[in-house]
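K.L.:
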Amino acid sequence: MKRFLFLVITVLLSVPCFAQKSTNEDKTESKTLEFISRGSSLIRKEFYDLGSVKGVQCEVLIVTDLLKNEKMGCLRLKTKYTSSYSTDTYIGTLDYDEIEDCIKSLNHIKDNILPSIPSTYTEVEYSTRDNIKVGAYYNEKKLSWTAYVYIKSYTSRSAEFFDAASLSLLVNKMASAKNMIAEKIK
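The opening position of the sequence shown corresponds to residue 6 in our numbering, with each subsequent residue numbered one higher.
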């Protein structure tokens with residue numbers, strides 16, 4: 006009886022080890038990432054560094070299907086999370102057609118939201134197809150707005166927080182990226 010009970014307990018405790026992961030943490034709808042992974046293609050990737058805004062590294066990625074002579078570009082944002090055991094890098098993409106909407110959203114936040122003082126806790130954010138979230142929240146303790154970028158919305162380790170005034174720098178990087186992509190994919 007003891008052996009049978011031990012066997013049942015062992016089986017029940019081991020079932021979660023074999024269960025498949027069912028979260029959407031890696032799910033993306035990015036057109037650029039889809040372009041890269043479509044298969045049966047010879048892909049060239051060119052990376053152009055745009056510098057960083059606080060802890061968010063910005064770079065343009067130009068992808069070329071050399072067999073079909075098709076090009077596509079995106080803005081990649083990267084953050085790093087360092088713990089005592091390892092350093093994790095998080096990378097997210099803004100497709101070319103998303104960059105202008107993100108710029109408009111951040112300009113709206115800068116011009117219309119940041120000058121106000123809300124009466125309750127408030128967040129304003131823009132989300133991309135690749136689960137990047139860019140926005141600001143009102144910090145009631147500091148009595149000021151704090152900007153943020155979550156490279157992957159499912160983990161706070163991918164987040165970078167900075168003063169809201171730095172949103173202008175991020176907008177400038179995005180505008181540079183948009184212009185560079187337009188020039189490179191002609």
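Cβ coordinates follow ideal geometry from the N, Cα and C atoms, glycine included.
All values reported here derive from a predicted model rather than from experimental measurement.
Taking the alpha helix (DSSP H) that L172 belongs to, which residues open and close that run?
P.N.:
Its alpha helix (DSSP H) spans residues 172-189.
K.L.:
Would you call T28 buried or exposed, if buried means 16 or more other Cβ atoms sit within 10 Å of its Cβ?
P.N.:
With a pLDDT of 47 at T28, under the threshold of 50, the predicted position of this residue should be treated as unreliable, and no value is reported.
K.L.:
Per DSSP, what are the beta-bridge partners of A164 in this structure?
P.N.:
Paired residues: Y155.
K.L.:
Going by DSSP, what residues sit across from G140 in a beta bridge?
P.N.:
DSSP lists E130, Y153 as partners of G140.
K.L.:
With 16 as the cutoff for other CB atoms within 10 Å, does G78 come out buried or exposed?
P.N.:
G78 should be labelled buried.
K.L.:
Report, in whole angstroms, the separation of the C-beta atoms of V176 and L82, which I expect to be a contact under 8 Å.
P.N.:
Not really, about 13 Å apart at Cβ, beyond 8 Å.
K.L.:
Exposed or buried, which one is S42 when buried takes at least 16 other CB atoms within 10 Å?
P.N.:
By the 10 Å Cβ count, S42 comes out exposed.
K.L.:
I'd like to check one pair, S181 with L55: are the Cβ atoms closer than 8 Å?
P.N.:
Contact flag set, yes.
K.L.:
Rounding to the nearest angstrom, what Cα-Cα distance links E105 and K183 in this structure?
P.N.:
Taking the straight line joining both Cα atoms gives about 8 Å.
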